[in-house]
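**Student:** First to last, the sequence lines map onto chains L and V.
Take the position in the first sequence, starting the count at 1, then add 3; the result is the number in my numbering.
Take the position in the second sequence, starting the count at 1, then add 5; the result is the number in my numbering.
A virtual CB, placed ideally from N, CA and C, is assigned to each residue, including glycine.
Keep in mind the model is a prediction, meaning the values are calculated, not measured.
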Amino acid sequence: MLAYRDGNAGAFETLYTRHRGRLYRFVLRSVKVRGTAEELFQEVWMRVIEARGRYAPQARFTTWLYTIAHNLLTDHSRRKGLTLVELDEDTHAPAPDDPARSAEARQALSRFAAALEALPPLQRQAFLLHQEGGLSIAEIAAATGANEEAAKSRLRYATTKLKAAAGDG
Amino acid sequence: MADERDPDISRKYRELGAEEPPRALDERILAASRQELRKRNWYGPVAIAAVLTLVVAVTIQVERQKPDDEFLAQAPSPAPAQKEEAQPLKEQQQPLKAPAPKPISPPRGFTPDPRPAAPAPQSADALRNLAKSNQGQVLAEPVAPVDERSRAQVQARRDAGETRRMEAELQARPESAGIRGSASPAPASSPQAAPPVAAAARGAPSPQAKPAPEVMASRLVVNPERWLEQIAELRKEGKHDDADKLLAEFRKTYPDYRISDEMRAKVEKK
């Protein structure tokens, strides 16, 4: 990013190539609608381009990039009247299918995808930031504006639910 | 409770697939990144060009204003005598030609000052009359006021020019040797003749110096009154032919000179 800030167009292409797939999946699996995901994905990169002149390496670029994405997703949810609220794992988490009734692998995968979609947004985001962005607990906390305990808790709940959905729970 | 870093969950998650953004979206974003760079690169050269243009414009403006200042510094009181001093020798040798004041063309961009102009140089006739009235005094007064002295110098230069011309004419005619007196046969324009004339032209008496005979002859020729007196003397002596010739010569030399009635009676043939 520093090279791009100094006028190296190739540096941006390198960054983009490195992060495009993971960021796209993070956004797509956060909003679940492809068209919206593409809009938001483009908007994230536009913010990166616009911030070129004032970029200061205070954290890893990946953390900064996913922070922008998280903020845009939050704004998007607010515009749609949704609120990313902390949900109690027991009250609102949808119950995964009974793993005992489905032995087949593809069904398990399908259930896993459904479980991911069903996760509360903040838990899903914590999980996706960890899986796609490779962010640590501290980095997830920084990207989402939460403290580390909250970030760790969200990630743990998400993992537990997904394990249950995959039949390993 | 499951660990938040469960490798089995990560493996399952990878099995969901690896969707990629469409190619068109990639192109749009990369184009935007390049455009941003071009936009920023455009600022620098334009800023440098603007600064350079400003510097060049200011420099040119300063250079243009410089002559104005000099001109204004000189403008308030140009001394006529100094202007006369600056006349080239060629102009000095045309004695009766009115001195044309050389117009000072203001530099470009100069706005004329509304202040009253400095006094214009006097006409040739005025200068001549003034010099004539001062002729007797020029040599007698060692220190004259600057203006009078300058005017006398101008007149003396003119007379010197006339002297040279007259001497040349007189040399060509041996019969007028009486008028030339002991004038040197050397050409007036020769370096030998120049110093006495120059001395007369300066109008400042040299302490060691009584005027040489050549100078006296020059003054006789130059001074119209003395010339007329000489003619009158010839008439008195009965040398009418010489007097007629000299009178004709006089009129040729001073066609505008107004001879007083008293002198006319003396110089013209009765």
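Any idea if Q61(L) is buried or exposed, counting beta-carbon neighbours within 10 angstroms, 16 or more meaning buried?
**Tutor:** Answer is exposed; the Cβ neighbour count stays below 16.
**Student:** Beta-carbon within less than 7 Å of K241(V)'s beta-carbon, same chain only, minus the 5 sequence neighbours each way: which residues are those?
**Tutor:** If we look at K241(V) and ignore the five residues flanking it on each side, it has no Cβ neighbours.
**Student:** Please list the partners that Q134(L) has in chain V, where partner means a Cβ-to-Cβ separation under 7 Å.
**Tutor:** Correct list: S15, Y18.
**Student:** Kindly give me the distance between the Cβ atoms of L75(L) and V51(L), rounded to whole angstroms, as I take these residues to be in contact under 8 Å.
**Tutor:** That pair is no contact at about 11 Å.
**Student:** Mapping DSSP to helix, strand and coil, what is S33(L)?
**Tutor:** DSSP places S33(L) in helix when its eight states are reduced to three.
**Student:** Suppose the cutoff is 7 Å on Cβ atoms and the five residues either side in sequence are ignored; what does the same chain contact list for H133(L) look like?
**Tutor:** Excluding sequence neighbours, H133(L) sits near I143, L158.
**Student:** Distance check for I140(L) and K155(L), CA to CA, integer angstroms please.
**Tutor:** About 6 Å.
**Student:** What's the gap between the Cα of Y58(L) and the Cα of I14(V)?
**Tutor:** Going by the C-alpha atoms only, they are around 35 Å apart.
**Student:** Can you confirm whether I52(L), when its beta carbon is compared against all beta carbons of chain V, has any partner nearer than 8 Å?
**Tutor:** Judged by the 8 Å Cβ criterion, I52(L) is in contact with chain V.
**Student:** Quick one: Cα of E41(L) to Cα of G170(L), how far?
**Tutor:** One C-alpha to the other measures close to 32 Å.
**Student:** Following the continuous alpha helix (DSSP H) through L75(L), name the residue where it begins and the one where it ends.
**Tutor:** Here the alpha helix (DSSP H) through L75(L) covers 64-82.
**Student:** Taking just the CA atoms, how far does E68(V) sit from K44(V)?
**Tutor:** Distance between the alpha carbons of K44(V) and E68(V) is about 37 Å.
**Student:** Leaving out the 5 sequence neighbours to the left and right, which residues in its chain are closer than 7 Å to E120(L) when beta-carbon positions are compared?
**Tutor:** For E120(L), where only same-chain residues beyond five positions count, the Cβ hits under 7 Å are K35.
**Student:** Please name the residue in A111(L), A153(L), A72(L), A168(L) whose C-alpha comes closest to that of F29(L).
**Tutor:** Answer by Cα proximity: A72(L).
**Student:** Using the Cα positions of M268(V) and A237(V), report the straight-line distance between them to the nearest angstrom.
**Tutor:** Taking the straight line from one Cα to the other gives about 8 Å.
**Student:** Hey, A145(L) and T66(L): beta-carbon distance below 8 Å or not?
**Tutor:** Yes, the pair counts as a contact, with Cβ atoms nearer than the cut-off.
**Student:** Residues of chain V with CB under 9 Å from L112(L), in chain order?
**Tutor:** Per Cβ cutoff of 9 Å: K17, E20, L21.
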